[in-house]
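Step one of this worksheet: look at the structure below.
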Amino acid sequence: MLLDTLGTARDLGRLNEIAGILIRHGFGETVRRLGLADALEKAGHALHREHAADLARLPPPVQARKALEELGPTFVKLGQILAGRADLFGPEWIAEFEKLHSRVPALPLDALRPQLLEDLKAPPEEVFAAFEVEALAGASIAQVHRARLKDGTEVVVKIRRPGIVEKIEADLRLLDRLAQMAEAQIPALKPYGPQRLVQELARSLRRELDLAGECRSAERIAGNLAALPFVTIPRVHWDYTGARINVQDFINGIPGEELARLDEAGFDRALLARRGAQAVLKMIVEDGLYHADPHPGNVFYLPGNRIAFIDFGMVGRLSPRRREELLQLLLGLVERQPQAVADVLLDWAGDEHGVDLGQLEGEIEAFVDQYHGTPLAQLSLGGMLSDVTAILREHRLTLPADLALLIKAFISLEGMGRGLDPGFHMATEALPILRQVLRARYQPKALVRRSWQSIRRAATLAERLPHDLSRLLRNARRGHLHVGLELAHLKRVGDQIDRAASRLAIALVIAALVIGSSIVMTVETKWTIFGLPALGFLGFSGAILGGLWLVRSIRRGGRHDDESRD
249 MLLDTLGTAR
259 DLGRLNEIAG
269 ILIRHGFGET
279 VRRLGLADAL
289 EKAGHALHRE
299 HAADLARLPP
309 PVQARKALEE
319 LGPTFVKLGQ
329 ILAGRADLFG
339 PEWIAEFEKL
349 HSRVPALPLD
359 ALRPQLLEDL
369 KAPPEEVFAA
379 FEVEALAGAS
389 IAQVHRARLK
399 DGTEVVVKIR
409 RPGIVEKIEA
419 DLRLLDRLAQ
429 MAEAQIPALK
439 PYGPQRLVQE
449 LARSLRRELD
459 LAGECRSAER
469 IAGNLAALPF
479 VTIPRVHWDY
489 TGARINVQDF
499 INGIPGEELA
509 RLDEAGFDRA
519 LLARRGAQAV
529 LKMIVEDGLY
539 HADPHPGNVF
549 YLPGNRIAFI
559 DFGMVGRLSP
569 RRREELLQLL
579 LGLVERQPQA
589 VADVLLDWAG
599 DEHGVDLGQL
609 EGEIEAFVDQ
619 YHGTPLAQLS
629 LGGMLSDVTA
639 ILREHRLTLP
649 ADLALLIKAF
659 ISLEGMGRGL
669 DPGFHMATEA
679 LPILRQVLRA
689 RYQPKALVRR
699 SWQSIRRAAT
709 LAERLPHDLS
719 RLLRNARRGH
729 LHVGLELAHL
739 KRVGDQIDRA
749 ASRLAIALVI
759 AALVIGSSIV
769 MTVETKWTIF
779 GLPALGFLGF
789 SGAILGGLWL
799 VRSIRRGGRH
809 DDESRD
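The numbers in the numbering used here rise by one with no breaks, and the one at position 451 of the sequence shown is 699.
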C-alpha cells in the first residue's frame, strides 16, 4: 500500500498536490489506475478535480509538460531526463520535454542570509569586496549572484535554495513508490522502466544538489582539456565552496544564445563550431567525462574565438568499455558499416524477450546501408542517431541511461554547430578524431597496458578460485546450492542435440568411407586416378570433404552457442 510507505503528513500533503495537478492536466485516468484517489480519500484528503476547458483541449505532450512545470524542480528534472530518451518517446513528446526549464524568481537575499552565515562564517558583504543583492539568475535548485573577491577577481556565487533538499527527497520517495505501482498496475508502462528512470533521476538530482561536486567535475574536465588552449573552464575558489555554495570566476563573454553579436564582434563562427565540436568530442571519446548539457545557455564565446563552458551540474561518465563501443558505433555510422552499427546497438539493447532480433538487425542494417555512397559532408550524425533510437523504440527496446544521455548530448552539439555555421558537418569533424583515438588504442604501449591488466585480472581470478570452490562445496554440503533451469532455452538444447546427432551420423559415414576405401585400395583394378584405384581415391576424397564440412560445422556451431549465451 502506498500509505504504508509515507512517513509524514507532509508526504501525504505533497501526494495530494501531485494528484490534483495531474487530474487538472488531464491525467485523471492515470491517477485512478494507480489508486491515488482511493489512498488519499482513506487518509482524509480531498482531491481538487477542477479541469479547465482550455487545458482539456491541449495535446497530451503539452499537458504533460505543463504538469511537470507546475509540479516543481524534481519533476522538471525528470522531464529534462525524458527529453534525452528518444528511445522511449516520439518526436512530439521530446520537443515538449526540451522546452522545460527550471527558471523561477530568485529569492530575496534576506531569505538566504542564515544559510550564507553558516557556510561563509560571516555576512557576504564582509567576505567579498562587493556582493550584488539582486541575483543574476534564479533556478529551482540554486540562484546565482555576482560578486568580487578582495583581490579584485570577478566571481559568481551560486547558492542552493534553503529547504530544497528535503522537498526533493520527499518527491523522490513518492516517485519511487509510484514507479513500483505503475509497473504493477499498468503493464503497458513496464517496457519504459519507470523504476530505472526514477533511480536515474535520483542520482542526477543528488549530484546536482552537491555544488562542490559540480566544481570537482569542472576541475577534472578543465584538466582533461588543458591541451586545447581555446577552451576556458571557470576557476573554482575552494576557500568559499561547499555543498550548498560555490564560487567560480565570472565569465565575461557573449552568451551562446546571442549569435547576432558574434558577427558584430568579428568572431569566426565556422571556427567556433569546429572548436566546440573538437572539445566535446574529446571529452566524450577520449576522456569519458563530458558536459552532458551543452546547450547555448551553458556556453560563452570569448575574444580570440575561444569558448567557455559553464554549469557542470550535469555531467556524463563513460567507462573504457562504453567508449570503445561508442567508437565502433560512430565509426560505423560515419563510414557506413551497417553490421558494426547493428552489433553495437544489439549489445546495448540486450536480448529482450518477445523481440525478433533478426528483424531488428535487418532494419538497422538497411537503415545504415541507405547512406552508402553519400558524401561525408551530407551526413547528419545527430539525425542518424535519432533515427536509430527511433528504430529501437518501435521494437520497445530501451538504451542504458548513460547512453541515452550521451546521444542527447551529441544531438545538442550538432544543433549548436549548425546554429553557428549552417555549413557545419559533425561527421566531418568527428571522423579524424575517431580514427586518431582508434589508432591510439592499438599502439604498442596501449596494447601492453591492456594485456597487463588482463593478466592481473586472470591472476586475481586464479588466486580466488580455491576459496570460491571451497565455498561452493560448503554450500552444497549444507543443502544451500540452488540450480536454476530456464525453460525458455529448452528448444535451443533440443537444436543442439539434433545438430550433434547429425554430426555423429556424418562422422560414422566418413569412418565407413575411410575403412571401405582402405580395403578397395588393396584390390587391383584397371580404373585408376593418379595411379590409385578409382573407387578408393573417390572414397578418400569424399571422406576428406566430409571431414572438412564436419570441422566447419562444429566451429560455426560453437560460435552460435557463444552468441546465444551472450
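Glycine included, each C-beta is placed from N, C-alpha and C at the ideal position.
Alpha-carbon to alpha-carbon, residue j and residue i
| i | j | result |
| --- | --- | --- |
| PHE788 | THR776 | 14 Å |
| GLU298 | HIS273 | Its pLDDT being 49, under 50, GLU298 is placed unreliably in this model, and the value from its coordinates should be taken loosely. Their backbone Cα atoms lie some 9 Å apart in a straight line. |
| THR708 | PHE785 | 54 Å |
| VAL479 | ILE558 | 11 Å |
| VAL685 | LEU577 | 14 Å |
| PRO435 | GLU414 | 31 Å |
| GLU583 | VAL446 | 37 Å |
| ARG444 | ALA513 | 47 Å |
| ARG396 | ALA331 | 37 Å |
| VAL404 | GLY501 | 14 Å |
| LEU263 | ARG408 | 24 Å |
| ASP617 | ARG333 | 25 Å |
| GLY794 | LYS774 | 27 Å |
| ALA460 | ALA491 | 5 Å |
| HIS673 | GLY667 | 11 Å |
| LEU473 | TRP797 | 55 Å |
| HIS543 | LEU654 | 13 Å |
| ALA527 | VAL310 | 35 Å |
| LEU250 | LEU426 | Confidence in LEU250 is poor, its pLDDT being 49 and thus under 50, which makes the residue's placement unreliable; the coordinate value appears in the next sentence. Taking the straight line joining both Cα atoms gives about 8 Å. |
| ARG451 | GLU373 | 35 Å |
| ARG726 | ALA710 | 25 Å |
| ASP541 | ARG509 | 23 Å |
| PRO482 | LEU519 | 22 Å |
| HIS715 | LEU721 | 10 Å |
| ILE754 | ILE703 | 41 Å |
| VAL484 | GLN496 | 5 Å |
| GLN239 | GLY268 | The structure shown does not extend to residue 239, since the chain spans only 249 to 814, so no value can be given for it. |
| GLY561 | ASN723 | 47 Å |
| TRP596 | GLU573 | 9 Å |
Simplified DSSP assignment, three categories, for residue i
| i | result |
| --- | --- |
| PHE478 | coil |
| GLY332 | coil |
| TYR488 | helix |
| TYR496 | In the sequence as displayed, the identity of residue 496 is Gln instead of Tyr. It is a strand residue. |
| PHE379 | strand |
| ALA387 | strand |
| ALA652 | helix |
| ARG569 | helix |
| HIS715 | helix |
| GLU402 | strand |
| PRO356 | coil |
| LEU473 | coil |
| LEU581 | helix |
Own chain, CB closer than 6 Å to residue i, minus 5 neighbours either side, in chain order
| i | result |
| --- | --- |
| VAL352 | GLY386 and SER388 |
| ALA590 | GLU609, ILE612 and GLU613 |
| VAL375 | LEU368 |
| LEU761 | GLY787, GLY790 and ALA791 |
| ARG532 | With the sequence shown as reference, residue 532 is identified as Ile, and Arg is not the correct amino acid for it. Contacts found: TYR538. |
| LEU384 | VAL392 and ARG394 |
| GLU402 | ARG396 and PHE498 |
Residue nearest to residue i in terms of C-alpha spacing, selected from the options
| i | options | result |
| --- | --- | --- |
| GLY261 | LEU476, GLY764 and ALA418 | ALA418 |
| PRO586 | ARG569, GLY610 and VAL563 | GLY610 |
| PHE498 | ALA525, ALA556 and ARG468 | ALA556 |
| ASP487 | ARG333, VAL636 and CYS463 | CYS463 |
| ARG644 | LEU608, GLY552, LEU780 and GLU431 | LEU608 |
| GLY411 | LEU360, ILE703 and MET664 | LEU360 |
| SER766 | LEU756, PRO781 and ALA491 | PRO781 |
| GLY327 | GLY268, GLU402, GLU373 and GLU448 | GLU448 |
| LYS656 | ASP669, MET632 and GLY671 | MET632 |
| GLU265 | PRO308, LEU306, ALA315 and SER465 | ALA315 |
| SER801 | LEU783, LEU752 and ALA759 | LEU752 |
Own chain partners of residue i with C-beta closer than 7 Å, once the 5 adjacent residues on each side are dropped
| i | result |
| --- | --- |
| GLU317 | VAL324 and LEU348 |
| ALA678 | LEU529, LEU578, VAL582 and LEU629 |
| ARG522 | GLU677 |
Proximal residues to residue i (C-beta, below 8 Å), its chain only, five neighbours per side dropped
| i | result |
| --- | --- |
| ASN546 | GLY504, HIS539, PHE557, ILE558 and ASP559 |
| ALA588 | GLN576, LEU577, LEU579 and GLY580 |
| GLY671 | ALA518 |
Touching by the beta-carbon criterion (3+ pairs, under 8 Å), the stretch 322 to 335 and the stretch 419 to 434: Two segments are said to touch when three or more pairs of C-beta atoms, one from each, lie closer than 8 Å; by this definition the stretch 322 to 335 touches the stretch 419 to 434.
Do the stretch 556 to 572 and the stretch 536 to 545 make contact, defined as three or more Cβ pairs closer than 8 Å? yes
Does the stretch 446 to 463 come within contact of the stretch 657 to 668, defined as at least 3 CB pairs closer than 8 Å? The answer is no - the stretch 657 to 668 does not touch the stretch 446 to 463, with fewer than three Cβ pairs under 8 Å.
When you compare the stretch 638 to 645 with the stretch 331 to 341, are there three or more beta-carbon pairs, one atom per stretch, that lie closer than 8 Å? yes
Do the stretch 646 to 654 and the stretch 542 to 550 make contact, defined as three or more Cβ pairs closer than 8 Å? no
Within the chosen definition, does the stretch 673 to 685 reach the stretch 366 to 374 through at least 3 CB pairs nearer than 8 Å? no
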